[in-house]
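Asker: Input: one structure, supplied below.
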Amino acid sequence: MVRGLPFALALLGLVVAALVGRAEGIEAKCSAGAIVGSKLWARLEAEQGMKELDLTHRLDSKGGRLGRKIAFRDSELRYVELLEDFCEDLPSALPLVRSEGEEPVWSVVGKGHPEEEALALDQFPQKQAKEEMKTVLGNFCFSVLDDHEDGIVGLLKQEDWAGERERQDFLDAFTALVLPKCQGVKADEKEL
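Under the working numbering, the first residue of the sequence shown is numbered 6, with each subsequent residue one higher.
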């Protein structure tokens, strides 16, 4: 019985470490959440203007169509298309420290962002580190979608965001839903 005790304690330690790691997740959650919200906004803006979804595919005995037409924005298909491959398509972003002693902030790097690109080269000189950070952001995105999928769909159903609301209104509502402690944090204004 005593011989198995160190193994049991080690296993318990691993489980606790895994749970703490899951809870901690990612540094600079607010700016990472802003990138995820900005990407969702970009997808909303890029939606095709489909008005109705025709569900009248069945025929009755006389050849008349059965079924109904529903608004595309209320259909489940819209949300499947919006969220399909969502986390795989996130922009290249890194947690960059702007000046000594500051917390890191997730920023989009790449074309059209020379300041961030210079910081990224300085703080993440190896490609492997950049790939690891992309994976970290993707995992954060997956956890946000997994934990808040119903709430996000409800948020998207509640308004015609791309038509009636401004970007910042959407990002504020998204942040209040998925990261309530981060309300008031402005998203990166760069295009994704």
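Think of the CB as a built atom: it goes at the ideal place given N, C-alpha and C, for glycine as much as any other residue.
Model, not experiment: these values are computed from the prediction.
Among the residues of its own chain, which have a CB less than 6 angstroms from the CB of Ser80, if the five just before and after it don't count?
Answerer: Here the set comprises Leu58.
Asker: Can you tell me whether Val85 is buried or exposed, with buried defined as 16 or more other CB within 10 angstroms of its CB?
Answerer: It is exposed - the Cβ of Val85 has fewer than 16 other Cβ atoms within 10 Å.
Asker: Do Gly72 and Arg63 come within 8 angstroms of each other at the CB atom, strictly closer than that value?
Answerer: yes
Asker: Round the Cβ separation of Phe129 and Met138 to the nearest angstrom and send it over; I've been treating them as touching at under 8 angstroms.
Answerer: 7 angstroms
Asker: Would you say the beta carbon of Arg73 is closer than 7 angstroms to some non-hydrogen atom of the ligand FMN?
Answerer: Absence of the ligand FMN is noted for the structure shown, with no ligands found whatsoever.
Asker: Quick one, are the C-beta atoms of Val110 and Pro100 less than 8 angstroms apart?
Answerer: yes
Asker: Beta-carbon separation of Leu176 and Gly42 under 8 angstroms?
Answerer: Their beta carbons are under 8 angstroms apart, which means Leu176 touches Gly42 by this criterion.
Asker: Using CA coordinates, which residue listed in Gly30, Cys35, Ile31 is at the minimum distance from Gln188?
Answerer: Comparing Cα-Cα distances from Gln188 to each of Gly30, Cys35, Ile31, the minimum goes to Cys35.
Asker: Grouping DSSP H, G and I as helix and E and B as strand, with all else coil, what is Pro100?
Answerer: strand
Asker: Counting only runs of 3+ residues fully inside the stretch 94-142, write out the beta strand (DSSP E) ranges in chain order.
Answerer: 98-101, 110-113
Asker: Run the CB neighbour count on Leu95, radius 10 Å, all protein chains shown included, and call it buried at 16 or more, exposed below.
Answerer: buried
Asker: Would you identify the three-state DSSP class for Leu60, choosing helix, strand or coil?
Answerer: coil
Asker: Helix, strand or coil for Ala33 per DSSP?
Answerer: coil
Asker: Hey, quick one: how far does the alpha helix (DSSP H) through Ala178 stretch, first residue to last?
Answerer: Its alpha helix (DSSP H) spans residues 172-183.
Asker: Roughly how far, in whole angstroms, is the beta-carbon of Glu256 from the beta-carbon of Ala33, given that I think they are within contact range, below 8 angstroms?
Answerer: As shown, the chain starts at 6 and ends at 197. That puts residue 256 outside it, with no answer to give.
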